[in-house]
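Q: According to numbering that gives the first Met the number 0, the stretch in the sequence shown is residues 0 to 331, in order.
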Amino acid sequence: MKIPTNVKMAAVAAFAAFMMAGCMPHMGWARSAGYSHLYVFGDSYSDDGAAEAISGDAVRARITGAVPLPAAPASMEYWHGRWSNGPTAVEYLARKLGVGLTNLAVGGARCGSGNYFAWLDGWRDTGLRAQVLSFIAANRRVDPDALYVLGASANDFLQKMDYLTPVSLPDMAFACATDVADATMLLIRHGARHFMVFGSYGLDTIPAVAASAAAVAQARQFETDFDQQLRTALLPAVQAGNATIGWFSWKVATDAIIHDAARYHIRDVTTPCQITLPQPRKACARPDTHLWWDEIHPTGRAHGLVAAAMMKALRCGPHDCTPPDGPLSMPR
Numbered sequence: 000m001k002i003p004t005n006v007k008m009a010a011v012a013a014f015a016a017f018m019m020a021g022c023m024p025h026m027g028w029a030r031s032a033g034y035s036h037l038y039v040f041g042d043s044y045s046d047d048g049a050a051e052a053i054s055g056d057a058v059r060a061r062i063t064g065a066v067p068l069p070a071a072p073a074s075m076e077y078w079h080g081r082w083s084n085g086p087t088a089v090e091y092l093a094r095k096l097g098v099g100l101t102n103l104a105v106g107g108a109r110c111g112s113g114n115y116f117a118w119l120d121g122w123r124d125t126g127l128r129a130q131v132l133s134f135i136a137a138n139r140r141v142d143p144d145a146l147y148v149l150g151a152s153a154n155d156f157l158q159k160m161d162y163l164t165p166v167s168l169p170d171m172a173f174a175c176a177t178d179v180a181d182a183t184m185l186l187i188r189h190g191a192r193h194f195m196v197f198g199s200y201g202l203d204t205i206p207a208v209a210a211s212a213a214a215v216a217q218a219r220q221f222e223t224d225f226d227q228q229l230r231t232a233l234l235p236a237v238q239a240g241n242a243t244i245g246w247f248s249w250k251v252a253t254d255a256i257i258h259d260a261a262r263y264h265i266r267d268v269t270t271p272c273q274i275t276l277p278q279p280r281k282a283c284a285r286p287d288t289h290l291w292w293d294e295i296h297p298t299g300r301a302h303g304l305v306a307a308a309m310m311k312a313l314r315c316g317p318h319d320c321t322p323p324d325g326p327l328s329m330p331r
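#1: Looking at the structure shown, is P169 part of a helix, part of a strand, or coil, going by DSSP?
#2: With H, G and I counted as helix, E and B as strand and the rest as coil, what does DSSP make of A312?
#3: Terminal residues of the continuous beta strand (DSSP E) containing M75?
#4: Let me make sure I understand the geometry here. Which of A117, A71 and T125 has the alpha-carbon closest to that of N102?
#5: V39 bridges to which residues according to DSSP?
#6: So, do the segment 155-163 and the segment 76-83 have three or more beta carbon pairs nearer to each other than 8 Å?
#7: Can you tell me which of the three DSSP states F247 falls into?
#8: Using beta-carbon positions only, say whether C110 and D178 come within less than 7 Å of one another.
#9: Count the other C-beta atoms from every protein chain shown that fall within 10 angstroms of the C-beta of G48, then say buried if there are 16 or more, exposed otherwise.
#10: Please state whether DSSP places P67 in a helix, a strand or coil.
#11: Among H258, G107, D287 and L119, which residue has its Cα nearest to the Cα of T63?
#12: Only counting the same chain, and skipping five residues up and downstream in sequence, which positions put a Cβ closer than 6 Å to that of Y44?
#13: Please report the straight-line C-alpha distance between R61 and S74, rounded to a whole angstrom.
#14: DSSP three-state label for H296, please.
#15: So, is G99 buried or exposed, given that buried needs 16 or more other C-beta atoms within 10 angstroms?
#16: Would you say the segment 285-296 touches the segment 216-225, given that touching needs at least three Cβ pairs under 8 Å?
#17: Skipping 5 residues on each side, what residues in its chain have a beta carbon closer than 6 Å to that of A207?
#18: Please return the same chain residues whose Cβ sits closer than 8 Å to the Cβ of I135, not counting the five positions on each side in sequence.
#19: I need the DSSP call for I239, collapsed to helix, strand or coil.
#20: Are the beta-carbon atoms belonging to A216 and Y147 less than 7 Å from one another?
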């Protein structure tokens with residue numbers, strides 16, 4: 000069957016957008032060569048086991064409402080404390096950069112303080128800004144040659160949707176963006192110089208949201224508002240020349256996988272491999288063919304694809320982003 004020219008062009012455009020996700024002309028990227036280390040602050044899209052450890056301590060301390068996160072290890076729903084079936088994108092990124100990884104991300108983290116799982120707040124503040132404050136308290140002077148990755152926003156939105164938090168979406172987006180920007184500025188004031196900051200996740204495409212047209216509309220509003228507010232909040236630091244701040248859009252990367260799934264041998268971009276709601280089911284037989292592991296989180300395969308886009312973005316200067324000439328390869 001002959002593929003119409005407009006379809007071919009759309010696929011090429013999607014792939015180019017995917018590979019260039021994060022290249023923002025006004026946000027000046029640092030080059031990927033020469034980073035000494037990778038430090039990560041964030042949520043379940045980056046968590047490599049922190050929530051499992053913290054929630055386990057809370058369960059043993061008999062904190063009211065405490066349960067193992069992301070699930071009881073015996074359930075075998077998740078891989079070694081990740082909210083997926085494999086390593087996260089930042090783990091792949093550290094491997095590709097050839098540097099060590101210090102990962103403070105905690106599943107459920109909100110942008111400022113607190114967690115989607117409110118019972119956890121009585122045990123420890125796991126919010127992104129709180130992660131940064133804890134890191135700074137333990138490190139009076141931070142490494143200026145390291146790359147610092149910050150990303151959160153999903154849990155603020157999901158908490159509002161699931162628990163009807165009494166705040167408007169624009170106000171929530173503003174508060175969330177302000178918290179992420181403040182956390183970035185704190186690191187800059189203590190000597191950090193190179194950043195990758197995540198824009199919005201593709202919340203409108205996650206299975207937990209995509210089934211409802213109303214929820215999709217709200218997710219898109221939140222994504223747009225959050226991205227605009229965060230760009231605005233970060234711009235003064237870039238203009239002052241105090242740091243190089245790269246912007247990486249999980250939403251762009253996710254949308255590109257969806258629009259060009261066949262290229263990456265992904266056959267299902269809507270159904271979770273590991274259904275957890277209302278009750279956990281047996282995982283699918285071929286998770287690498289799925290975009291989503293559960294109702295919110297990508298598969299390990301998808302994390303690998305996103306990590307490759309992150310690497311492409313790190314190599315991309317503010318004015319030299321050019322479309323790639325070949326298919327994306329998984330990190331090794």
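For each residue, glycine too, the CB sits at the ideal point set by N, CA and C.
A: Judging by the given coordinates:
#1: As a first step, residue 169 is located in the sequence shown; it is residue number 170 there, counting from the start. Note: P169 maps to helix in three-state DSSP.
#2: Counting from 1 along the sequence shown, the entry for residue 312 is found at position 313. The answer is helix: DSSP assigns A312 an H, G or I state.
#3: Position 76 of the sequence shown, counting from 1, holds the residue named residue 75. Looking at the DSSP string, M75 is not in any beta strand (DSSP E), and its letter there is neither H nor E.
#4: By 1-based counting over the sequence shown, the position of residue 102 is 103. That would be T125, whose Cα lies nearest to the Cα of N102.
#5: Position 40 of the sequence shown, counted from the start, is the residue given in the question as residue 39. N102 and V148.
#6: no
#7: As a first step, residue 247 is located in the sequence shown; it is residue number 248 there, counting from the start. Strand at F247.
#8: Counted from its first residue, the sequence shown places residue 110 at position 111. Counted from its first residue, the sequence shown places residue 178 at position 179. A contact, by the Cβ cut-off of 7 Å.
#9: In the sequence shown, the residue the question calls residue 48 occupies position 49. Here G48 is buried. Its C-beta has 16 or more other C-beta atoms within 10 Å.
#10: Here residue 67 refers to the residue found at position 68 of the sequence shown. The answer is coil: DSSP assigns P67 none of H, G, I, E or B.
#11: The residue given as residue 63 occupies position 64 in the sequence shown. Residue L119 is the option with its Cα nearest to T63.
#12: Taking the sequence shown and counting its residues from 1, one reaches residue 44 at position 45. Taken in chain order, the list of residues that qualify is empty.
#13: On the sequence shown, residue 61 is found 62 positions in, with the first residue counted as 1. On the sequence shown, residue 74 is found 75 positions in, with the first residue counted as 1. Near 21 Å, if we compare the C-alpha coordinates of S74 and R61.
#14: Here residue 296 corresponds to residue number 297 of the sequence shown, with the count starting at 1. Correct three-state label for H296: coil.
#15: Mapped onto the sequence shown, residue 99 falls at position 100. Exposed is the call here.
#16: Judged by Cβ distances under 8 Å, the segment 285-296 makes no contact with the segment 216-225, as fewer than three pairs qualify.
#17: Along the sequence shown, one-based indexing puts residue 207 at 208. Counting only Cβ-Cβ distances below 6 Å, and skipping sequence neighbours, we find E294 and I295.
#18: Indexing the sequence shown from 1 puts residue 135 at position 136. Closer than 8 Å at Cβ, skipping near neighbours: V141, L185, L186 and H189.
#19: Residue mapping note: residue 239 aligns to position 240 of the sequence shown, counting from 1. Position check: residue 239 holds Ala in this sequence, whereas Ile was assumed. Three-state DSSP puts A239 in coil, outside helix and strand.
#20: As a working mapping, residue 216 is identified with position 217 in the sequence shown. As a working mapping, residue 147 is identified with position 148 in the sequence shown. In this structure, Y147 does not lie closer than 7 Å to A216 by Cβ.
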